Amino acid sequence: MLFIFIVHAMIQLNLVVSLPTASDWNIFNQSLEGRLLRSVPFALPCFSLTDGVKSNHNAPSCMRVINSYLDDEVRTAHAGSYINTQWETCQSKISGCLLDSEQPDNPAAFSNPRVCNQGSIPEHTLPVESASDVVASFNFARDFNIPLVVKNTGHDYKGRSSGNGALSLWMHHLQGIDFEPNFTPAGCPHGDTFPGITFGSGVSFLSLINFAEQHNLTVPTAGDGTVAGGGGYLQGGGHSVLSNAFGLAVDRVVCKSLLFGCNTRLVNSNHPQLQFEVVTPLGQHLFANSCQFQDLFFALRGGGGGTFGVVLGVTTLALPQMEIHVVQANIKADQGSRLVEFMVDHTLEFAQSGWGGFTLPSGLTFVNAILTSAQAKASIASMQKFVTQEIYGNVTFSTEPTYKAYYQKFTTNVPRGTPLTTSSRLVPADIFNSNNQREELTKILNGMIAIGLEPIIFAAPPFLYGDRGGTSVTPSWRTSLLHVTLTDGWNFNTSKSDITTVYRKLSAAMDPLRKLTPGSGAYQNEADVFEPNYEHSFWGENYNRLRSIKQKYDPDHILDCWQCIGWKGRNDPRYECYPLE
Ligand SMILES: Cc1cc2nc3c(=O)[nH]c(=O)nc-3n(C[C@H](O)[C@H](O)[C@H](O)COP(=O)(O)OP(=O)(O)OC[C@H]3O[C@@H](n4cnc5c(N)ncnc54)[C@H](O)[C@@H]3O)c2cc1C
Ligand SMILES: *[C@@H]1O[C@H](CO)[C@@H](O)[C@H](O)[C@H]1NC(C)=O
Ligand SMILES: *[C@@H]1O[C@H](CO)[C@@H](O)[C@H](O)[C@H]1NC(C)=O
Ligand SMILES: *[C@@H]1O[C@H](CO)[C@@H](O)[C@H](O)[C@H]1NC(C)=O
Ligand SMILES: *[C@@H]1O[C@H](CO)[C@@H](O)[C@H](O)[C@H]1NC(C)=O
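Just so we're aligned, residue 1 is where the sequence shown starts under UniProt numbering, counting upward by one.
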């Protein structure tokens, strides 16, 4: 009796469960009609020396890797590739398989004696096609006590879509898109319809932009079109140049009824604006919306990706097509601090006129979709005058007929495929009411520039949109005017201690802003890997409710990711490749 009890307890603690053998993987693979992939490092074909990865040394393939090394579209279509490439490597052990991101054809990165390792790339990847694929994978991960990760585009800054030894569920092949002018969410009363775009969670923003254009609709997007519309971006909040006026992706507002002649019944109702198709770790395949599984719906609207279930698809409210007014300024490198000062002083004013965008030390890009062209021009006349007359920069103003036209013209395709990390802070609106605090903020931002960092000062919080309830992002998003980020990177041969130094430097550089904004938060998707007090920072007062929802839908903690709701903590073996704090 006691023996049975002990064995039972050990099974509960997963102590007697051993890793899957080759034959266990084979049986699993066969149960999936042989669709299980062995995912290898993107740069593998360039290396003649490998360790723990089957060599695939091949000159033409290596040439293709070199030519597409910094191409995010190619990377998102590769199972073993990540955009911020340190998450392909084991940072604590300096093992991986990277090329020189400054010069991908530099043979010093891949010739002998450099060795290609699997790093943090999950060896086994299942390209998900159906709910039953996900259920089978949850069961396999539970039975063998192995980590399970959800990988979509691999854009994550915090390594939440990779992990050594994990089984990876790859969402990339869920590519359907459909528009229904009269969509009724599952379980909701008939007649409660709204225009909805339903899409697979692997669909990229580029595809959504094209689809919306064809249907005379608008879908606000991430700055990079290869981010997926229904993955970690959405579940973590999702900001865009339109979020000041139209909300975060988790809000997906109908539209400003007065301006677009939308159905006001929809605008003012608490009715469903979004729906998730989900498979939960307990194996339920369900639709979560405001009529059913409301707790899970709340959690998926800001609680973070990879935590509550695997999202197969999403229905988001379709915005009407709209003109986008764009103002862009380019300034001389040494005038960055003056531009920052001017923009801090005018942050509240521009937000109130509906502008959203970002300021850099080298210039700015802002858009407006709620004013007429003449109103928009007038509302930023002060900025135009300042830039041209006071700091001798250039300003352009244009009105683009659609979001796609704006995106194509103004989004620069910067190289992706380098080790890169970020840090974030939300700056509350009340800071901008005080001369002293504005001055202090300007000083802090310019201090970042002075030490060689380039803050991206996003006017992205849904300030004008406000809070219409139902989401689980930190309420700080709703009362802030800026989301300030810092980024910094390194290269293939940077030492372990130098990598640690970069993480520390970035975190320390954000500290003065943390001090200026006590009680505020950060954007979980673009935050410091070592965000202090992350529970409060990412979710604020929503944290406790999110924890209990996690407990309900994933009691065995099959899903676990770095600083995610209910995570096992950095001492769990699955985090052994994370850098030192
Ligand atoms: C170049 C670049 C530009 C960016 N621009 C913006 C921006 O403008 N605005 C903004 O808000 N953010 C932006 N981001 C941050 C972005 O929101 C995050 O990188 C986000 O994690 C990407 O989600 P993903 O699903 O595409 O990536 P992945 O790395 O594949 O996944 C991210 C996380 O979501 C989970 N996940 C993914 N898909 C699912 C699913 N179907 N079900 C459950 N969990 C899932 C993963 O497990 C992981 O935890 C940008 C990032 C980069 C690298
Ligand atoms: C799964 O089976 C298929 C077909 O037999 C095979 O090609 C593939 O390599 C297997 N996957 C793994 C990870 O072994
Ligand atoms: C989009 O609008 C144009 C111009 O008004 C119209 O000709 C076209 O039929 C519309 N397309 C759809 C799919 O509604
Ligand atoms: C502004 O435009 C002019 C003419 O195109 C160019 O010569 C100049 O370098 C630009 N200045 C800045 C700061 O970009
Ligand atoms: C990394 O490699 C580059 C290019 O080969 C070289 O110039 C640099 O000195 C190396 N850095 C370190 C830290 O080894």
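Using N, Cα and C, we set each Cβ at its ideal position, and we do this for glycine too.
As the structure is a computational prediction, the values presented were derived from the model and not from experiment.
Rounded straight-line distance, which links the Cα of residue 276 to that of residue 330
The residue labelled residue 330 in the question sits at position 330 within the sequence shown. The residue labelled residue 276 in the question sits at position 276 within the sequence shown. Roughly 41 Å separates the two Cα atoms.
Mapping the DSSP letters down to three states, classify residue 298 as helix, strand or coil.
Position 298 of the sequence shown, counted from the start, is the residue given in the question as residue 298. Three-state result, residue 298: helix.
Count the other CB atoms, across all protein chains shown, that sit within 10 Å of the CB of residue 510; report buried if there are 16 or more and exposed otherwise.
Sequence index remark: in the sequence shown, residue 510 carries index 510 (1-based). With 16 or more Cβ atoms within 10 Å of its Cβ, residue 510 is classed as buried.
Cβ contact (3+ pairs, closer than 8 Å) linking the region 332 to 350 and the region 389 to 406:
yes
Test item: CB-CB of residue 540 and residue 475 under 7 Å:
As a first step, residue 540 is located in the sequence shown; it is residue number 540 there, counting from the start. As a first step, residue 475 is located in the sequence shown; it is residue number 475 there, counting from the start. Yes, the Cβ-Cβ distance between residue 540 and residue 475 is below 7 Å.
Let's test the definition: count the other Cβ atoms within 10 Å of the Cβ of residue 63 and tell me whether it reaches 16, buried, or not, exposed.
On the sequence shown, residue 63 is found 63 positions in, with the first residue counted as 1. Burial call: exposed.
With DSSP as the reference, label residue 252 as helix, strand or coil.
Locating residue 252 in the sequence shown gives position 252, counting from the first residue. Residue 252: coil per DSSP, three-state reduction.
Could you tell me the distance, in whole angstroms, from the CA atom of residue 75 to the CA atom of residue 85?
Sequence index remark: in the sequence shown, residue 75 carries index 75 (1-based). Sequence index remark: in the sequence shown, residue 85 carries index 85 (1-based). In a straight line, the C-alpha of residue 75 is about 10 Å away from that of residue 85.
Rounded separation between residue 98 and residue 228 - CA only:
Numbered from its first residue, the sequence shown carries residue 98 at position 98. Numbered from its first residue, the sequence shown carries residue 228 at position 228. Rounded to the nearest angstrom, the two C-alpha atoms are 24 Å apart.
In angstroms with no decimal places, state the Cα-to-Cα distance between residue 108 and residue 91.
Within the sequence shown, the letter at position 108 stands for residue 108. Within the sequence shown, the letter at position 91 stands for residue 91. For residue 108 and residue 91, the distance between alpha carbons rounds to 20 Å.
Quick check: the Cα distance between residue 584 and residue 317, rounded to an integer number of angstroms?
The requested residue 584 does not occur in the structure, where the chain is confined to residues 1 to 581.
At which residues does the beta strand (DSSP E) containing residue 328 begin and terminate?
As a working mapping, residue 328 is identified with position 328 in the sequence shown. 324 to 330 is the extent of the beta strand (DSSP E) around residue 328.
Element boundaries [alpha helix (DSSP H), containing residue 72]:
On the sequence shown, position 72 is the one that residue 72 refers to. 72 to 76 is the extent of the alpha helix (DSSP H) around residue 72.
Answer yes or no: the CB of residue 493 versus the heavy atoms of ligand 5, is any distance below 6 Å?
Counting from 1 along the sequence shown, the entry for residue 493 is found at position 493. Because some heavy atom of ligand 5 lies under 6 Å away, the Cβ of residue 493 counts as near it: yes.
Can you have a look at residue 563 and say buried or exposed, based on whether 16 or more other CB atoms are within 10 angstroms of its CB?
Taking the sequence shown and counting its residues from 1, one reaches residue 563 at position 563. Classification of residue 563: buried, given that the 10 Å Cβ count is 16 or more.
Residue 272 to residue 242 span [Cα, whole Å]
For the purposes of this step, residue 272 is taken as the residue at position 272 of the sequence shown. For the purposes of this step, residue 242 is taken as the residue at position 242 of the sequence shown. For residue 272, the predicted model reports a pLDDT of 46, less than 50, meaning its position is unreliable; a value from the coordinates is still stated below. Computed Cα separation, rounded: 21 Å.
Give me the Cα-Cα distance between residue 307 and residue 218, rounded to the nearest whole angstrom.
To locate residue 307, count along the sequence shown from 1; it is residue 307. To locate residue 218, count along the sequence shown from 1; it is residue 218. C-alpha separation (whole angstroms): 29 Å.
Under three-state DSSP, which class holds residue 57?
Residue 57 sits at position 57 when you count from the first residue of the sequence shown. In the structure shown, residue 57 sits in coil (DSSP, three-state: anything other than H, G, I, E or B).
Please list the terminal residues of the continuous alpha helix (DSSP H) segment that includes residue 341.
The count along the sequence shown starts at 1 and reaches residue 341 at position 341. Looking at the DSSP string, the run of the alpha helix (DSSP H) that includes residue 341 is 336 to 352.
Counting along the chain, where does the alpha helix (DSSP H) carrying residue 357 start and finish?
Here residue 357 refers to the residue found at position 357 when the sequence shown is read from its first residue. Note, residue 357: premise wrong, no alpha helix (DSSP H); beta strand (DSSP E) at 356 to 360.
Candidates 194, 178, 34, 182, of which the one nearest residue 210 by Cα
Taking the first residue of the sequence shown as position 1, residue 210 is located at position 210. Of 194, 178, 34, 182, the residue nearest in Cα terms is 178.
Go to residue 210, then tell me how far its alpha helix (DSSP H) extends in each direction, as first and last residue.
On the sequence shown, residue 210 is found 210 positions in, with the first residue counted as 1. Note, residue 210: alpha helix (DSSP H), 205 to 214.
Could you give the residue range of the beta strand (DSSP E) that holds residue 167?
As a working note, residue 167 is residue 167 in the sequence shown. 167 to 170 is the span of the beta strand (DSSP E), which, as asked, contains residue 167.
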